[in-house]
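Undergrad: Starting off with a structure, shown below.
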Amino acid sequence: MREAYSHIINGAHLRYRELGDSSFTISIILVDFIIFEAGQFPHKRSRVKRVDGKTYIEVNKYIADLNNWDMKVGANNVRKYDHAMLFTRHVLYEGCTSNTGIAGISNQDGVCLLGSRNSVIMSRDYSWTVLTATHELGHSLGAVHDGEENATDCKAEDLFIMSAEGKPINLSLPYSRNPWLFSNCSVKAFKKVLKDKDCVTDKGAVYNVDEWTKYMMEQAGDVFTPDVQCHLMRGPKSVYCGVFTKYLTWFYLIVELQCTLSDDKI
797 MREAYSHIIN GAHLRYRELG DSSFTISIIL VDFIIFEAGQ FPHKRSRVKR
847 VDGKTYIEVN KYIADLNNWD MKVGANNVRK YDHAMLFTRH VLYEGCTSNT
897 GIAGISNQDG VCLLGSRNSV IMSRDYSWTV LTATHELGHS LGAVHDGEEN
947 ATDCKAEDLF IMSAEGKPIN LSLPYSRNPW LFSNCSVKAF KKVLKDKDCV
997 TDKGAVYNVD EWTKYMMEQA GDVFTPDVQC HLMRGPKSVY CGVFTKYLTW
1047 FYLIVELQCT LSDDKI
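Residue numbers (the numbering used here): 797 to 1062.
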């Protein structure tokens, strides 16, 4: 688990290293792991609903519970971390369990603020989890959705990281780096918020340098073969079914891991 989430955090870090503004940089440092076991969860047990074999939790109540947890536990660690990110396998919903089009939630401009420096991320496959973590941290750092509020100069349909459209990459369209980059609007927002946050200027310490270095010796996609990744995501009968040509194999693996389901459909 620590290896998997180390790669996810590193994936977010790499996206923040490509801001296109030489006047400042953002580095994401993993300073600690907290693995919640039964009875230790930051949310109330009554929050979790089971429907058709899946567990659901209301996203606004979930982050409210996490904020309360941070007020209690984080009070003794105000300077240890600037942002706490909770990854969950629960399906996130808003209002009713049929409204599940939610990948994560964060407190806007909440970085460094006790009781607000938090986000909840629904953990799925590697690419989506990295994108969601990067996106929600972006809200904490001051960015809003492209095309909204003070970011109307940037179009949501350009599908930069802070787009709210959340569309999967369309392999039939010309290749674009936008889904891995922040728009100019987001970068300006980061710069504006961070200039007033002296907490982010101190150098964070990696939770375990030796362990982190060991994990980073391999890229996330090299640890498991495509077939094994499909097994883990879709079940033991699932296998990789993407294109196999010298060039397209790696292109498809990077942007969209195509797996069969138990009924042999993609």
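By construction, the Cβ of each residue, glycine as well, lies at the ideal position given by its N, Cα and C atoms.
Look up Y852 in the DSSP assignment and say whether it is helix, strand or coil.
TA: By 1-based counting over the sequence shown, the position of residue 852 is 56. The answer is strand: DSSP assigns Y852 an E or B state.
Undergrad: Since S979 and M958 are thought to touch, with beta carbons under 8 Å apart, how far apart are those beta carbons, to the nearest angstrom?
TA: Along the sequence shown, one-based indexing puts residue 979 at 183. Along the sequence shown, one-based indexing puts residue 958 at 162. Going by Cβ atoms, the distance from S979 to M958 rounds to 6 Å, so yes, they are a contact pair.
Undergrad: On the DSSP letters alone, give me the boundaries of the alpha helix (DSSP H) that F986 sits inside.
TA: Numbered from 1 along the sequence shown, position 190 holds the residue referred to as residue 986. Element bounds for F986: N980 to L990.
Undergrad: Taking three-plus beta-carbon pairs below 8 Å as touching, is the region 896–911 in contact with the region 944–953?
TA: These segments do not touch.
Undergrad: Alpha carbon to alpha carbon, how far is H941 from Y812? Give it in angstroms, no decimals.
TA: Residue mapping note: residue 812 aligns to position 16 of the sequence shown, counting from 1. Residue mapping note: residue 941 aligns to position 145 of the sequence shown, counting from 1. Distance between the alpha carbons of Y812 and H941 is about 16 Å.
Undergrad: Name the two residues that bound the continuous alpha helix (DSSP H) containing R841.
TA: The count along the sequence shown starts at 1 and reaches residue 841 at position 45. No alpha helix (DSSP H) holds R841; DSSP gives it neither H nor E.
Undergrad: Using 8 Å as the Cβ pair cut-off and three pairs as the minimum, do the region 912–930 and the region 879–886 touch?
TA: Flag = yes, the region 912–930 and the region 879–886 touch.
Undergrad: Comparing alpha-carbon positions, which option in G1017, K999 and A1016 lies nearest Y877?
TA: Taking the sequence shown and counting its residues from 1, one reaches residue 877 at position 81. Cα-wise, what sits closest to Y877 is K999.
Undergrad: Shortest alpha-carbon distance to L927 belongs to which of I805, Q1054, V847 and I822?
TA: Along the sequence shown, one-based indexing puts residue 927 at 131. Nearest of I805, Q1054, V847 and I822 to L927, Cα basis: I805.
Undergrad: Give me, in chain order, the residues of the same chain whose beta-carbon lies closer than 6 Å to that of Y858; leave out the 5 immediate sequence neighbours on both sides.
TA: As a first step, residue 858 is located in the sequence shown; it is residue number 62 there, counting from the start. So the qualifying residues of the chain are H839 and V916.
Undergrad: Can you give the Cα-Cα distance for A1092 and Q1054, rounded to whole angstroms?
TA: The question about residue 1092 has no answer, for the chain in this structure spans 797 to 1062.
Undergrad: Please look up how many angstroms separate the CB atoms of G938 and V989, rounded, as I've assumed it's under 8 Å.
TA: As a position in the sequence shown, residue 938 is number 142, starting the count at 1. As a position in the sequence shown, residue 989 is number 193, starting the count at 1. So it is a contact: roughly 3 Å between Cβ atoms.
Undergrad: Excluding five sequence neighbours on each side, which residues of the same chain lie with their C-beta closer than 7 Å to the C-beta of D1023?
TA: In the sequence shown, counting from the first residue as 1, residue 1023 sits at position 227. Here the set comprises V1035 and Y1036.
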